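Notes follow once the structure below has been shown.
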Amino acid sequence: MAGVAQQNCHVEYRGCDIVISGPSREAHAQAQRIIRRFACSAVPYRLASTGTDQVILKPA
Numbered sequence: 338m339a340g341v342a343q344q345n346c347h348v349e350y351r352g353c354d355i356v357i358s359g360p361s362r363e364a365h366a367q368a369q370r371i372i373r374r375f376a377c378s379a380v381p382y383r384l385a386s387t388g389t390d391q392v393i394l395k396p397a
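For the working numbering, add 337 to where a residue sits in the sequence shown, where the first one is 1.
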């Protein structure tokens, strides 16, 4: 199922922000994967805003 979610979402880097576009459920799932991946990094990400078909992550 994770492979399907990644196929439906578009991940774009805008400066330091990560913008995930796609169906809401899949975009949120992809955002959580990215947040977990960067959780222990020097620059962890947090959920900044959500829209109907877009999630924006910003450095914490």
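Backbone N, C-alpha and C fix where the C-beta goes; we use that ideal spot for every residue, glycine too.
All values reported here derive from a predicted model rather than from experimental measurement.
Is residue i helix, strand or coil when you go by DSSP?
i: residue 386; result: strand
i: residue 361; result: helix
i: residue 381; result: coil
Given a threshold of 16 other Cβ atoms within 10 Å of its Cβ, counted over all protein chains shown, does residue i qualify as buried or as exposed?
i: residue 350; result: exposed
i: residue 388; result: exposed
i: residue 392; result: buried
i: residue 359; result: buried
So, under 8 angstroms CB-CB, residue i and residue j are touching, yes? Tell me the CB distance rounded to an integer number of Å.
i: residue 364; j: residue 372; result: Incorrect: roughly 13 angstroms between the Cβ atoms, too far for contact.
Based on the DSSP output, what are the partners of residue i in its beta bridges?
i: residue 391; result: 358
i: residue 351; result: 354
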